[in-house]
Amino acid sequence: MPTFVQIIEFIGTFAFAISGIRLASAKQFDWFGAYVVGLATAIGGGTIRDVLLDVTPFWMTNPMYLICSGLALLWVILFGKYLIHLNNTFFIFDSIGLALFTMVGVGKTLALGHPYWVAIIMGGITGSAGGVLRDVFINEIPLIFRREIYAMACVIGGIMFWICDLLGLTLIMTQIISGISVFIVRFLAVKYQICLPILKGEH
Amino acid sequence: MPTFVQIIEFIGTFAFAISGIRLASAKQFDWFGAYVVGLATAIGGGTIRDVLLDVTPFWMTNPMYLICSGLALLWVILFGKYLIHLNNTFFIFDSIGLALFTMVGVGKTLALGHPYWVAIIMGGITGSAGGVLRDVFINEIPLIFRREIYAMACVIGGIMFWICDLLGLTLIMTQIISGISVFIVRFLAVKYQICLPILKGEH
Amino acid sequence: MPTFVQIIEFIGTFAFAISGIRLASAKQFDWFGAYVVGLATAIGGGTIRDVLLDVTPFWMTNPMYLICSGLALLWVILFGKYLIHLNNTFFIFDSIGLALFTMVGVGKTLALGHPYWVAIIMGGITGSAGGVLRDVFINEIPLIFRREIYAMACVIGGIMFWICDLLGLTLIMTQIISGISVFIVRFLAVKYQICLPILKGEH
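Protein chains in written order, with the numbering used here: chain X, 374 to 576; chain E, 374 to 576; chain R, 374 to 576.
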């Protein structure tokens with residue numbers, strides 16, 4: 374039986390892969406290219422984290438992530454034209470995935486003995502570097518650098534993790550509270566179109 | 374005396390480097406930039422593989438790959454305008470290199486104790502990630518995501534490796550058969566312009 | 374008290390981060406995106422070096438680099454419109470940073486027992502891969518591939534390091550002489566607009 378966390382992780386991976394595959398389809402990638410972009414979106418952040426932490430990339434020990442990305446491709450091939458009606462659903466899934474991936478990144482980094490400021494960065498990388506890879510592959514400026522409170526939600530979640538830990542909460546409570554804060558920040562930012570200021574400087 | 378595999382590897386590296394240098398020349402890179410792009414094309418896939426496998430990148434233990442890429446640059450500088458007549462020759466060399474690189478990637482991953490599905494992915498990364506790096510450096514959408522059965526040839530070769538192993542063939546026979554199957558898939562795909570379907574989805 | 378090298382390293386990191394943040398501002402990145410691009414420019418080269426050398430990325434053991442990039446962002450936010458008058462100052466800082474980063478890269482690689490030709494490449498990666506990452510993030514063809522004697526200055530500095538070592542000079546003298554040669558090559562190349570030849574080949 375899969376655990377609750379595994380189910381959430383599957384949903385998050387699926388949602389991330391869908392986001393990559395949809396952008397690939399807009400650029401007329403073939404099935405293989407779309408699969409690679411979807412996979413890179415889903416596992417890219419965690420892979421970069423694991424390389425920096427010098428541990429075996431997580432997806433090399435469990436084929437679930439590759440299968441999940443394959444199912445996402447199948448979904449887009451079969452139901453692509455109905456996906457537009459599910460935008461809100463996928464936004465929810467994507468935000469849940471973001472929250473969970475951030476928690477996994479923060480927790481794994483702390484477990485390896487790194488300080489909190491490294492863990493917060495690794496949480497941000499886990500949640501958002503996949504989207505950067507995706508945008509590099511489709512030859513666009515990474516979206517998260519321009520218009521979205523996305524990686525910032527990860528960073529806030531990481532700081533929340535730290536605060537909960539300082540307050541002496543249990544690990545489970547810490548993860549739940551900081552995961553929910555990632556979700557809420559992301560949700561509110563999109564709902565009320567909250568952005569960070571654009572940097573204006575002389576070039 | 375270099376072994377047969379070393380000669381093939383040299384030819385493959387040369388052909389991969391040439392492909393990077395030619396695309397760089399079309400974008401008016403200088404000699405240094407063209408060399409870096411050629412080198413990245415030739416060694417990028419194996420480097421990413423070795424980083425993921427947590428072993429020393431192969432080119433750091435033998436300067437042959439850097440020298441070979443330098444010779445490829447010299448070749449393009451001296452004979453660039455005649456290269457166009459050698460397209461078929463380079464296509465053959467490139468496909469031989471692809472086959473060999475895939476076998477090296479699959480074999481190295483298995484030797485480190487990883488399961489077959491990881492080895493197949495590493496074979497694909499060894500054969501095709503260099504071309505992705507090349508296309509990122511010249512600021513184009515990676516070619517293999519759009520029109521080519523290229524990485525798919527690696528994947529098919531990796532699966533063939535697995536089947537031969539299941540059938541109990543010797544390592545040499547397994548490598549020869551699966552290497553040849555990479556070459557044949559790539560050759561037939563280009564000759565008969567076989568493509569994967571383009572993904573059409575609502576953006 | 375910070376040592377002389379730490380002060381130089383801080384200045385170099387600041388100058389590298391400024392170069393990333395300014396290019397990001399020209400593409401209308403938000404504050405967060407500009408920070409990430411500045412940080413990637415400053416620490417990207419050393420991170421890739423450390424991943425290839427299989428050691429912990431240098432910035433994970435000292436938060437100075439993240440803070441320094443944050444100060445660079447603050448500087449551009451507050452004084453962005455005056456930056457244009459400081460171009461020459463920043464060029465000097467950037468060249469000092471390049472020289473120091475190259476020395477750090479060469480020295481660290483040699484200390485790990487790798488041969489000189491690997492150390493020279495790692496010096497070049499330390500000095501220039503951050504700028505390549507920056508240009509990939511802002512979706513431009515990397516500048517160093519096209520018009521600048523930049524990475525070449527690192528390579529020349531690395532070769533100088535080797536020569537000084539062969540001549541039996543002390544480590545300090547070797548570092549000073551080869552660091553200065555990086556600076557001089559870079560300075561002269563920009564002052565007299567010295568470029569490498571553009572590669573012209575049939576595409």
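Quick reminder that beta carbons are idealized off the backbone N, C-alpha and C, glycines included. All figures in this text were calculated on a predicted structure; none of them were measured in a lab.
Leaving out five residues on either side along the sequence, give the residues of the same chain with a beta carbon under 7 Å from the beta carbon of residue 605 (chain R).
The structure shown does not extend to residue 605 (chain R), since chain R is modelled only from 374 to 576, so the question has no answer here.
Residue interval of the alpha helix (DSSP H) (run including residue 546 (chain E))
Counting from one through the second sequence, the residue named residue 546 (chain E) turns up at place 173. 544-564 is the span of the alpha helix (DSSP H), which, as asked, contains residue 546 (chain E).
Delimiting residues of the alpha helix (DSSP H) encompassing residue 475 (chain R)
Here residue 475 (chain R) refers to the residue found at position 102 when the third sequence is read from its first residue. Counting along the chain, the alpha helix (DSSP H) containing residue 475 (chain R) begins and ends at 460-484.
Per DSSP, what are the beta-bridge partners of residue 384 (chain E) in this structure?
Here residue 384 (chain E) corresponds to residue number 11 of the second sequence, with the count starting at 1. Paired residue(s): none; residue 384 (chain E) is not in a bridge.
For residue 391 (chain R), three-class secondary structure by DSSP
Counting from one through the third sequence, the residue named residue 391 (chain R) turns up at place 18. Of the three classes helix, strand and coil, the one that applies to residue 391 (chain R) here is helix, per DSSP.
Could you tell me which chain X residues have their CB closer than 7 Å to the CB of residue 422 (chain E), listed as they occur along the chain?
In the second sequence, residue 422 (chain E) corresponds to position 49, counting from 1. Correct list: empty, because the minimum Cβ distance to chain X is about 11 Å.
Does the CB of residue 573 (chain E) have a neighbour CB from chain X at under 8 Å?
By 1-based counting over the second sequence, the position of residue 573 (chain E) is 200. Yes, its Cβ sits closer than 8 Å to a Cβ of chain X.
Between the alpha carbons of residue 414 (chain R) and residue 444 (chain X), how many angstroms are there, rounded?
Translated into the one-based positions of the third sequence, residue 414 (chain R) becomes position 41. Translated into the one-based positions of the first sequence, residue 444 (chain X) becomes position 71. Using only the alpha carbons, I get a separation of about 37 Å.
Which residues DSSP lists as bridging residue 571 (chain E), in chain order
The residue labelled residue 571 (chain E) in the question sits at position 198 within the second sequence. Answer is X:403, bridged to residue 571 (chain E).
Cβ of residue 436 (chain R) less than 8 Å from any chain X Cβ?
Translated into the one-based positions of the third sequence, residue 436 (chain R) becomes position 63. Yes, residue 436 (chain R) counts as interfacial toward chain X.
If residue 410 (chain R) sits next to residue 397 (chain R), beta carbons under 8 Å apart, how far is it from one beta carbon to the other, in whole angstroms?
Walking along the third sequence from the start, residue 410 (chain R) turns up at place 37. Walking along the third sequence from the start, residue 397 (chain R) turns up at place 24. That belief holds up - the Cβ atoms of residue 410 (chain R) and residue 397 (chain R) are roughly 4 Å apart, short of 8 Å.
Can the beta-carbon of residue 559 (chain X) be found closer than 8 Å to that of residue 522 (chain X)?
Within the first sequence, residue 559 (chain X) is the residue found at index 186, counting from 1. Within the first sequence, residue 522 (chain X) is the residue found at index 149, counting from 1. Result yes, Cβ atoms of residue 559 (chain X) and residue 522 (chain X) sit closer than 8 Å.
Chain-ordered chain X contacts of residue 551 (chain R) [CB-CB under 9 Å]:
Taking the third sequence and counting its residues from 1, the one referred to as residue 551 (chain R) is at position 178. Correct list: empty, because the minimum Cβ distance to chain X is about 29 Å.
Start and end residues, alpha helix (DSSP H) containing residue 489 (chain X)
Residue numbering aside, residue 489 (chain X) sits at position 116 when the first sequence is read from its first letter. Looking at the DSSP string, the run of the alpha helix (DSSP H) that includes residue 489 (chain X) is 489-510.
CA nearest to the CA of residue 493 (chain E), picked from E:469, E:505, E:535 and E:570:
As a position in the second sequence, residue 493 (chain E) is number 120, starting the count at 1. Closest by alpha carbon: E:535.
Taking all protein chains shown into account, do 16 or more other C-beta atoms lie within 10 angstroms of the C-beta of residue 438 (chain X), making it buried, or fewer, making it exposed?
Residue mapping note: residue 438 (chain X) aligns to position 65 of the first sequence, counting from 1. Classification of residue 438 (chain X): buried, given that the 10 Å Cβ count is 16 or more.
Just to confirm before moving on: does the CB-CB distance between residue 500 (chain E) and residue 544 (chain E) stay below 8 Å?
Counted from its first residue, the second sequence places residue 500 (chain E) at position 127. Counted from its first residue, the second sequence places residue 544 (chain E) at position 171. Result no, Cβ atoms of residue 500 (chain E) and residue 544 (chain E) do not sit closer than 8 Å.
Near residue 509 (chain E), what residues of its chain come up, given a Cβ to Cβ distance below 8 Å and the 5 sequence neighbours on each side ignored?
Here the question's residue 509 (chain E) lines up with position 136 in the second sequence. 515, listed in sequence order.
Give me the Cβ distance between residue 403 (chain X) and residue 569 (chain E), rounded to the nearest whole Å; I'm assuming they're in contact under 8 Å.
To locate residue 403 (chain X), count along the first sequence from 1; it is residue 30. To locate residue 569 (chain E), count along the second sequence from 1; it is residue 196. With 8 Å as the limit, residue 403 (chain X) and residue 569 (chain E) qualify as a contact, their Cβ atoms being about 4 Å apart.
Within its chain, find whatever has a CB closer than 6 Å to the CB of residue 524 (chain E); leave out the 5 residues flanking it on each side and keep chain order.
Sequence index remark: in the second sequence, residue 524 (chain E) carries index 151 (1-based). Same-chain partners within the cutoff: 497, 501 and 517.
Determine the burial state of residue 486 (chain R): buried for a count of at least 16 other Cβ atoms within 10 Å of its Cβ, exposed for fewer.
Your numbering for residue 486 (chain R) matches position 113 in the third sequence. Exposed, by the Cβ-count rule.
Here's a check: name, in chain order, each residue in its chain whose Cβ is nearer than 7 Å to the Cβ of residue 473 (chain X), leaving out the five neighbours to either side.
Along the first sequence, read from residue 1 onward, the residue named residue 473 (chain X) stands at position 100. The answer, listed in chain order, is 381, 382, 385 and 552.
Pull up the CB-CB distance for residue 419 (chain X) and residue 431 (chain X), whole angstroms please, since I reckon it's below 8 Å.
As a working note, residue 419 (chain X) is residue 46 in the first sequence. As a working note, residue 431 (chain X) is residue 58 in the first sequence. With a Cβ gap of about 5 Å, residue 419 (chain X) and residue 431 (chain X) count as contacting.
Between residue 353 (chain R) and residue 395 (chain R), is the Cβ-Cβ spacing less than 8 Å?
Outside the modelled stretch of chain R, which goes from 374 to 576, sits residue 353 (chain R), for which no answer is possible.
Same chain, Cβ closer than 7 Å to residue 422 (chain X), neighbours up to 5 away in sequence not counted:
Here residue 422 (chain X) corresponds to residue number 49 of the first sequence, with the count starting at 1. Around residue 422 (chain X): 478, 495, 498 and 499.
CA-to-CA distance, residue 458 (chain X) to residue 576 (chain E), given in whole angstroms:
The residue you call residue 576 (chain E) lines up with position 203 of the second sequence. The residue you call residue 458 (chain X) lines up with position 85 of the first sequence. Residue confidence for residue 576 (chain E) is low, a pLDDT of 49 falling below 50, so the modelled location carries little weight; the figure read from the coordinates is stated next. Rounded to the nearest angstrom, the two C-alpha atoms are 11 Å apart.
Option in E:566, E:549, E:482 and E:375 with minimal Cα separation from residue 433 (chain X):
Sequence index remark: in the first sequence, residue 433 (chain X) carries index 60 (1-based). Ranking the options by Cα distance to residue 433 (chain X), first place goes to E:482.
Rounded separation between residue 467 (chain X) and residue 562 (chain X) - CA only:
Here residue 467 (chain X) corresponds to residue number 94 of the first sequence, with the count starting at 1. Here residue 562 (chain X) corresponds to residue number 189 of the first sequence, with the count starting at 1. The alpha-carbon atoms of residue 467 (chain X) and residue 562 (chain X) are separated by roughly 14 Å.
Backbone secondary structure at residue 519 (chain X) - three-state DSSP:
Against the first sequence, residue 519 (chain X) aligns to sequence position 146. Three-state result, residue 519 (chain X): coil.
Return the residues of the stretch 488-521 of chain E that lie within a Cβ-Cβ distance of less than 8 Å from chain R, sorted by chain order.
509, 510, 511 and 512
Does the beta-carbon of residue 474 (chain X), which I'm using as the reference point, lie nearer than 7 Å to any heavy atom of the ligand PLP?
Among the components of this structure there are no ligands whatsoever, and the ligand PLP is therefore not found.
Express the C-alpha separation of residue 441 (chain X) and residue 547 (chain X) in angstroms, rounding to a whole number.
Position 174 of the first sequence, counting from 1, holds the residue named residue 547 (chain X). Position 68 of the first sequence, counting from 1, holds the residue named residue 441 (chain X). Looking at the two C-alpha atoms, the distance is approximately 28 Å.
If I follow the unbroken alpha helix (DSSP H) through residue 453 (chain R), where does it start and stop?
Your numbering for residue 453 (chain R) matches position 80 in the third sequence. No alpha helix (DSSP H) holds residue 453 (chain R); DSSP gives it neither H nor E.
Please report how far the alpha carbon of residue 491 (chain X) lies from the alpha carbon of residue 571 (chain X), in whole angstroms.
Counted from its first residue, the first sequence places residue 491 (chain X) at position 118. Counted from its first residue, the first sequence places residue 571 (chain X) at position 198. Residue 491 (chain X) and residue 571 (chain X): Cα-Cα distance of roughly 26 Å.
Among R:429, R:435 and R:565, which one has its Cα closest to the Cα of residue 520 (chain R)?
Here residue 520 (chain R) refers to the residue found at position 147 when the third sequence is read from its first residue. Among R:429, R:435 and R:565, the Cα nearest to that of residue 520 (chain R) is on R:565.
Neighbourhood of residue 408 (chain E) by C-beta, 6 Å cutoff - its chain only, sequence neighbours within 5 removed:
Here residue 408 (chain E) refers to the residue found at position 35 of the second sequence. If we look at residue 408 (chain E) and ignore the five residues flanking it on each side, its Cβ neighbours are 446.
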